[in-house]
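With the first letter of the sequence shown counted as 1, position 239 gets the number 250 in the working numbering; the numbers rise by one all the way through.
The C-beta atom is built at its ideal place from N, Cα and C for all residues, glycine as well.
Read through the structure below, which is laid out as structure tokens, and then see the notes.
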Amino acid sequence: MNNPFFIKKCRLINFLKSYFVNFNSSCYKLNEIKKECGSFEKLLFLGNYEVEKYMNKELIEKYRECIKNDYNKLRNILYEKECINDYEKYLYDCIKNNDYKDLIIGDVIYENKKKILCIGEANLSFSALLQKNLNLCNIVATSMEDESKLTKSYGNIFTKNLKILENYGGIYVSNINVETIDRHFLKNTFDIIVFNFPFVLPTKELIEKKWNIKLNKEDDNYIKYYKKAEYFLLNKLFYYLFKNSSTLLKEKGYLHLRINDKYLTCKFPNDFSLSFIRKVDFYNSYIIYKLLKYIPSIYDSSFINSNINNLKKNKNVIFTPNGKIFKSFKMKHTSTLIFQKI
12 MNNPFFIKKC
22 RLINFLKSYF
32 VNFNSSCYKL
42 NEIKKECGSF
52 EKLLFLGNYE
62 VEKYMNKELI
72 EKYRECIKND
82 YNKLRNILYE
92 KECINDYEKY
102 LYDCIKNNDY
112 KDLIIGDVIY
122 ENKKKILCIG
132 EANLSFSALL
142 QKNLNLCNIV
152 ATSMEDESKL
162 TKSYGNIFTK
172 NLKILENYGG
182 IYVSNINVET
192 IDRHFLKNTF
202 DIIVFNFPFV
212 LPTKELIEKK
222 WNIKLNKEDD
232 NYIKYYKKAE
242 YFLLNKLFYY
252 LFKNSSTLLK
262 EKGYLHLRIN
272 DKYLTCKFPN
282 DFSLSFIRKV
292 DFYNSYIIYK
302 LLKYIPSIYD
312 SSFINSNINN
322 LKKNKNVIFT
332 PNGKIFKSFK
342 MKHTSTLIFQ
352 KI
């Protein structure tokens, strides 16, 4: 047991264990990672346009027109530009190998002729805009609720988007839970999986059972335990999202997870075949998607209800099968997390 070689070997093993634990831990402490600009802003920098940190609708429309008009010039610049990593090369190749009309350029780039799975779609606005603007894509949209509940919750928004999605060749599948979504599709099917702003709704019964306590909603501890339960359920949701995405994505496929920044402290599992690529600021890209008729199921009402009093402007409305729920939410504090199957 005192063999020097054996002792050195043990020390090396312990060092490597410590190194990889710390490495993995740091990679997935996503709240500590700085946000990067999205693909849209990076193209603007490439074209030497003046770019504001926070842009409005008018600026976004102006810059989209600039990119459209200067697209061939920007492509030529990219042919000469050296890529610093594989993901940047992928983004550059999307532009070099496609016409402007075959791309949606925002926080990320979506290109035509891809198979894309949109999870937790609710009002179907994101999957509908992808299928309408990239009509050679195969878009599959899923929701946890059934069609009748979503029609009741979202009304004409849902029925209109469902019609757009299906008329342009997309597919909608209801009653699909993230935990079991891998049972509904073949392995290695999708180029991209999208999940926009997942949220959970802890019940009083769950809280009391989980922490073995009795609470009433007027209790000061109720909010504390509600938040704990919220993170508990989100961690569970992310576990199954990553587990099943690693099954359903093609090799080198991408997971795009858009999220409220306050949830960046959740646990994002690193024991599946998904490698963290980057964290992108979503705010300016939200306006790009909004111009294409995207309405998040969870949104900052100040974008939409500009004539409502200040109290309501600062509240976020979540439409659920159980009615409207209000939560604090600001699009200025949102991110797109990008992972790749390795």
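### Query
Is the CB-CB distance between residue 145 and residue 121 below 8 Å?
yes
### Task
Output the distance between the C-alpha atoms of residue 353 and residue 98, rounded to the nearest integer angstrom.
12 Å
### Message
Judging by CA-CA distance, which residue of 124, 40, 216, 48 is the nearest neighbour of residue 294?
### Response
48
### Query
Relative to the alpha-carbon of residue 125, which residue among 158, 132, 270, 115 has its alpha-carbon at the smallest distance?
115
### Task
Would you kindly work out how many angstroms separate the C-alpha atoms of residue 206 and residue 142, rounded to a whole number?
16 Å
### Task
With a threshold of 16 other CB atoms inside 10 Å of the CB of residue 65, please say whether the residue is buried or exposed.
exposed
### Message
Using a Cβ-Cβ cutoff of less than 8 Å, which residues in the same chain neighbour residue 219 once the five nearest sequence positions on both sides are dropped?
### Response
225, 226
### Task
Report yes if the C-beta distance between residue 266 and residue 137 is below 8 Å; otherwise report no.
no
### Query
Exposed or buried, residue 232, counting other C-beta atoms within 10 Å across all chains shown (16 or more means buried)?
exposed
### Message
Using a Cβ-Cβ cutoff of less than 7 Å, which residues in the same chain neighbour residue 201 once the five nearest sequence positions on both sides are dropped?
### Response
126, 127, 128, 259, 260, 261, 264
### Query
Which of the three DSSP states, helix, strand or coil, is assigned to residue 48?
coil
### Buried or exposed by the 16-neighbour rule on C-beta atoms within 10 Å, applied to residue 168
buried
### Query
Do you know whose CA, among 199, 139, 221, 251, lies nearest residue 182's CA?
139
### Task
May I ask you to list the residues that DSSP assigns as paired with residue 348?
268, 290
### Query
By Cβ distance, which residues of its chain are closer than 7 Å to residue 60, with the 5 residues on each side in sequence left out?
74, 77
### Query
If you check the beta carbons only, do residue 298 and residue 348 fall under 8 Å apart?
no
### Query
Would the beta-carbon of residue 245 fall within 8 Å of that of residue 189?
no
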